[in-house]
Each structure stands twice: as C-alpha cells, then as structure tokens.
Amino acid sequence: MPVVVDPEVCIGCQSCVDVCPVGAISMVDDKANINQEVCVLSKECLDICPVEAIKEED
Numbered sequence: 002m003p004v005v006v007d008p009e010v011c012i013g014c015q016s017c018v019d020v021c022p023v024g025a026i027s028m029v030d031d032k033a034n035i036n037q038e039v040c041v042l043s044k045e046c047l048d049i050c051p052v053e054a055i056k057e058e059d
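Residue numbers (our numbering): 2 to 59.
Here it is, written out as structure tokens:
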C-alpha cells in the first residue's frame, strides 16, 4: 500500500524529509510530497510525523 500525505494536516515541519532513507519526500508549497516511484515503503515517515499527516493508502 502506498504511503500518502494529507496536505490539510501536514504542518510542513520537514521531519519526514529528514528521516526518509531514500530521499523520496520533498516539500512542495510547504507541504510534504512523496515521490511514489522512489519510495521503498520504509514507513519511517509514518513514525516521525508529529501530526499523523502521513498514512498508508487503502
């Protein structure tokens, strides 16, 4: 299941950008954006997000 960011919840803290082991997350308009082609589903971003803006998509 892909990991996605809810832009309405994301506060732009960049914690997920810093923790991503493959650099799949960048900031776009002060919100996290996950490049699905690069993401290896380490899910470290899920654990680090302070507002739970990152979730697994069904």
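For glycine and all other residues, C-beta sits at the position ideal for the given N, C-alpha and C. Predicted, not measured: the structure shown is a model, and the values here were computed from it.
Ranking 8, 32, 3, 16 by CA distance to the CA of residue 48 puts 16 first.
In this structure, the alpha-carbon of residue 32 lies about 9 Å from that of residue 7. Comparing alpha-carbon positions, the option among 18, 11, 12, 14 lying closest to residue 39 turns out to be 18.
51 is the residue among 2, 30, 51, 9 whose C-alpha sits nearest the C-alpha of residue 20. Beyond the five residues adjoining it in sequence on each side, residue 3 comes within less than 6 Å, by CB distance, of 37, 58 in the same chain, given in chain order.
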